[in-house]
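Novice: Dumping the structure here so I can ask a few things about it.
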Amino acid sequence: MPGTGESARPAPRSGPVPPRRSGSDNSVRFPYPSRGGSPVATLSPETGLPPETARRIDALVAETQSTGRAPSLILGVFRAPTAAGTAPEGGLVHVATAGETPPPDPDIQYRIGSITKTMTAVLLLRQRDEGLLDLDDPLDRHLPGNPLGAVRLRQLLGHAAGLQREPDGEWWERSAGADLETLLAGLTSDKLAFPAHRTFHYSNLAYGLLGAVLERVTGETWWKLVRSRLLDPLGMVRTSYQPAEPYARGYVVHPWHDTLREEPRTDTGAMAPAGQLWASLADLARWGGFLAAPDPEILAPDTLAEMCVPVAMADPDSWTAGYGLGVELHRVGDRVYAGHGGSMPGYVATVSVHRPSRTGVVGFANAYGLRVGSLPLLGRQVLGTVLDAVPRPVRPWRPATAPPEARIAELTGRWWWMGREFQVSWHPSAEELVFTQLPAGAVPHWRFGRDGTGRWRGRSGMNEGEILTVRRDPAGAATALEIATFVFTRDPDDLG
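Each residue of the sequence shown is one higher than the one before, starting from 3 at the first, in the working numbering.
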């Protein structure tokens with residue numbers, strides 16, 4: 003694993019850093035004035051949030067900083083780029099800070115802790131997509147001779163392996179990191195606290211092992227993979243292995259007299275894939291934007307959607323929190339947020355995204371005394387406030403430039419199955435047939451894309467992955483549509 007020598011990107015700087023407002027990168031582009039030492043930053047009205055929403059967010063941030071006794075707290079709302087023209091450049095649309103004066107700006111680094119796990123998971127899924135491994139591979143296939151050999155990579159990713167939380171030895175987050183050989187030497191079969199999939203059991207150790215798998219299958223260090231496959235393509239120049247000035251110092255706040263104890267900035271060695279990295283708010287917003295709408299050159303959108311499917315429920319009694327493949331999932335009302343929280347001695351962090359609207363929240367505080375979970379909870383509260391206040395962007399309707407080919411056009415119109423009426427339409431931009439049960443809204447749409455001559459493959463709803471076959475008469479005219487043995491006909495009296 004790399005040490006501090008690999009962390010010098012960019013060169014250290016000192017003094018206040020003005021926010022970046024324009025350029026070819028995807029950095030913060032909006033002004034963050036600090037008038038008269040005000041503890042809260044605001045944004046220009048044409049790109050930010052409704053004033054009442056912004057004030058509500060600012061108040062929530064100030065309250066959390068005060069009650070949590072954090073020297074500084076910074077939180078940002080972002081939108082990922084959309085093809086519909088909303089927030090075309092993406093990036094932060096509102097930033098609120100509380101605590102230190104002058105307040106931190108979006109360029110200052112904090113430690114992101116376990117948000118690092120999302121990057122490790124993306125890298126592993128990318129290797130799967132490239133054919134270098136399978137998620138159902140036993141760990142022993144890539145780390146031969148270890149006593150946990152039957153454990154699967156998928157189980158480690160989703161904290162469903164039953165593996166203990168931490169490696170042996172001193173607390174890895176606050177001590178000099180061990181190398182991989184030492185980490186593996188400490189493994190014994192009794193590190194499995196539960197049978198696989200018995201319960202959700204969060205394991206930092208699992209991600210140390212997954213980082214080792216990445217190194218074995220690629221021949222590169224975990225940090226080099228993060229830098230070359232993720233940070234550089236996304237323009238995340240303020241994300242590093244070790245801190246690069248300007249960065250916030252991390253503290254523990256004394257419980258009785260409010261004094262601060264500065265925490266060490268450690269190299270966690272073989273455990274780095276579980277929580278080593280540092281990032282600025284602007285960079286973390288870029289990463290959140292990727293989790294909301296991934297660049298297909300880095301990871302296929304379908305693969306990221308796969309990461310957001312629960313592997314284990316963290317609260318089986320209420321089913322409001324789960325874990326996917328490297329991603330925390332939280333249900334609040336009828337919304338599901340994906341992301342991750344992070345903590346390292348002296349720091350807490352959060353990223354939370356609502357993927358359907360490509361909207362998210364990122365935040366940092368530099369006090370370990372801030373109650374665990376309170377910053378992610380604040381992030382979800384702010385995200386809900388934003389989504390309630392700002393209407394979801396509506397993609398404008400555009401007329402088609404030409405009718406579909408005849409063999410597609412004849413599939414559109416009314417179809418019937420067991421007395422139920424369906425409308426089939428053609429969406430040229432997505433090249434999909436869309437089934438709508440009438441009256442519209444009764445059930446979710448079914449979308450089908452072409453999958454070979456005469457066949458279509460389901461892309462949504464209960465028929466996702468199912469094959470639609472067109473039945474034709476001797477003259478070649480379409481007479482019925484068959485989906486998984488269910489036959490749709492033009493006549494409600496014809497049951498196929």
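Glycine residues also receive a C-beta, built at the ideal position from the N, C-alpha and C atoms.
Taking just the CA atoms, how far does P312 sit from G460?
Specialist: Reading the sequence shown from its first residue, position 458 is the one you call residue 460. Reading the sequence shown from its first residue, position 310 is the one you call residue 312. Taking the straight line joining both Cα atoms gives about 21 Å.
Novice: Of the choices S345, H259, H356 and A444, whose alpha-carbon is the least far from that of R333?
Specialist: Here residue 333 corresponds to residue number 331 of the sequence shown, with the count starting at 1. Checking every option, the nearest Cα to that of R333 belongs to H356.
Novice: Could you check if Y204 is buried or exposed, using at least 16 other CB atoms within 10 Å of its CB as the buried criterion?
Specialist: Within the sequence shown, residue 204 is the residue found at index 202, counting from 1. That one is exposed.
Novice: Apply the 10 Å Cβ neighbour rule to W321 and answer buried if 16 or more other Cβ atoms are within range, or exposed otherwise.
Specialist: For the purposes of this step, residue 321 is identified with residue 319 of the sequence shown, where counting begins at 1. The residue in question, W321, is exposed, as its Cβ has fewer than 16 Cβ neighbours within 10 Å.
Novice: Quick one: any contact between the segment 298-306 and the segment 203-219, if contact means 3 or more CB pairs under 8 Å?
Specialist: No: fewer than three Cβ pairs fall under 8 Å.
Novice: By DSSP, does L165 sit in helix, in strand, or in coil?
Specialist: On the sequence shown, position 163 is the one that residue 165 refers to. DSSP places L165 in strand when its eight states are reduced to three.
Novice: Identify which residue in V329, G478, E407 and V445 has its Cα closest to the Cα of S462.
Specialist: In the sequence shown, counting from the first residue as 1, residue 462 sits at position 460. The option with the nearest alpha carbon to S462 is V445.
Novice: Counting only the same chain and skipping the five closest in sequence on each side, list residues whose C-beta sits under 6 Å from that of M3.
Specialist: Within the sequence shown, the letter at position 1 stands for residue 3. Per-residue confidence for M3 stands at a pLDDT of 39, beneath the threshold of 50, marking its modelled position as unreliable; no derived number is given.
Novice: Out of curiosity, what's the CA-to-CA distance linking Y209 and E484?
Specialist: Translated into the one-based positions of the sequence shown, residue 209 becomes position 207. Translated into the one-based positions of the sequence shown, residue 484 becomes position 482. Roughly 45 Å separates the two Cα atoms.
Novice: Quick one: grab the DSSP three-state call for F292.
Specialist: Numbered from its first residue, the sequence shown carries residue 292 at position 290. The answer is helix: DSSP assigns F292 an H, G or I state.
Novice: Which residues in the same chain as F366 place their Cβ atom closer than 6 Å to its Cβ, once the five residues preceding and following it in sequence are excluded?
Specialist: Within the sequence shown, numbered from 1, the residue matching residue 366 stands at position 364. For F366, where only same-chain residues beyond five positions count, the Cβ hits under 6 Å are I76, Y112 and A351.
Novice: Which whole-angstrom value is the C-beta distance of G499 and G160, which I expect to be below 8 Å?
Specialist: The requested residue 499 does not occur in the structure, where the chain is confined to residues 3 to 498.
Novice: The alpha helix (DSSP H) spanning S68 covers which residue range?
Specialist: In the sequence shown, residue 68 corresponds to position 66, counting from 1. S68 -> alpha helix (DSSP H) spans P53 to G70.
Novice: To which residues does DSSP link R452 through a beta bridge?
Specialist: Taking the first residue of the sequence shown as 1, we reach residue 452 at position 450. R452 is bridged to W458.
Novice: Would you list, in sequence order, the uninterrupted beta strand (DSSP E) runs of no fewer than 3 residues that lie entirely inside the segment 304-383?
Specialist: DSSP runs (the beta strand (DSSP E)) wholly in the segment 304-383: 323-325, 330-334, 337-346, 349-356 and 361-367.
Novice: Assign L470 to buried or exposed, taking buried as 16 or more other Cβ atoms, counted over all protein chains shown, within 10 Å of its Cβ.
Specialist: By one-based count along the sequence shown, residue 470 stands at place 468. It counts as buried.
Novice: Please confirm whether L145 and L211 have their CB atoms less than 8 Å apart.
Specialist: On the sequence shown, residue 145 is found 143 positions in, with the first residue counted as 1. On the sequence shown, residue 211 is found 209 positions in, with the first residue counted as 1. Contact: yes.
Novice: Does the segment 230-238 come into contact with the segment 285-293, if we say contact requires no fewer than three beta-carbon pairs (one atom in each stretch) closer than 8 Å?
Specialist: Touching, per the Cβ criterion.
Novice: Counting beta carbon pairs with one atom in the segment 380-387 and one in the segment 398-406, are three or more of them shorter than 8 Å?
Specialist: No: the two stretches stay apart, fewer than three of their Cβ pairs being nearer than 8 Å.
Novice: How far does the beta strand (DSSP E) with A281 in it reach, from first residue to last?
Specialist: To locate residue 281, count along the sequence shown from 1; it is residue 279. That run of the beta strand (DSSP E) goes W280 to S282.
Novice: Would you call L286 buried or exposed, if buried means 16 or more other Cβ atoms sit within 10 Å of its Cβ?
Specialist: Counting from 1 along the sequence shown, the entry for residue 286 is found at position 284. By the 10 Å Cβ count, L286 comes out buried.
Novice: Using DSSP with H/G/I as helix, E/B as strand and the rest coil, what is E543?
Specialist: One cannot answer for residue 543 here, as it falls past the ends of the chain, which runs 3 to 498.
Novice: Output the distance between the C-alpha atoms of W174 and P53, rounded to the nearest integer angstrom.
Specialist: Taking the sequence shown and counting its residues from 1, one reaches residue 174 at position 172. Taking the sequence shown and counting its residues from 1, one reaches residue 53 at position 51. Their Cα atoms are separated by approximately 44 Å.
Novice: Buried or exposed, going by whether 16 or more other CB atoms sit within 10 Å of the CB of M464?
Specialist: Mapped onto the sequence shown, residue 464 falls at position 462. M464 comes out exposed.
Novice: Under 8 Å Cβ to Cβ from P197, same chain only, skipping five residues before and after it: list those, please.
Specialist: Residue numbering aside, residue 197 sits at position 195 when the sequence shown is read from its first letter. Cβ neighbours of P197 beyond the five flanking positions: G164.
Novice: Distance check for E65 and R15, CA to CA, integer angstroms please.
Specialist: Your numbering for residue 15 matches position 13 in the sequence shown. Your numbering for residue 65 matches position 63 in the sequence shown. With a pLDDT of 34 at R15, under the threshold of 50, the modelled position of this residue cannot be trusted; read the value that follows with caution. The alpha-carbon atoms of R15 and E65 are separated by roughly 31 Å.
Novice: Are A314 and F450 close, meaning C-beta to C-beta below 8 Å?
Specialist: Here residue 314 corresponds to residue number 312 of the sequence shown, with the count starting at 1. Here residue 450 corresponds to residue number 448 of the sequence shown, with the count starting at 1. For A314 and F450, no; Cβs fall outside 8 Å.
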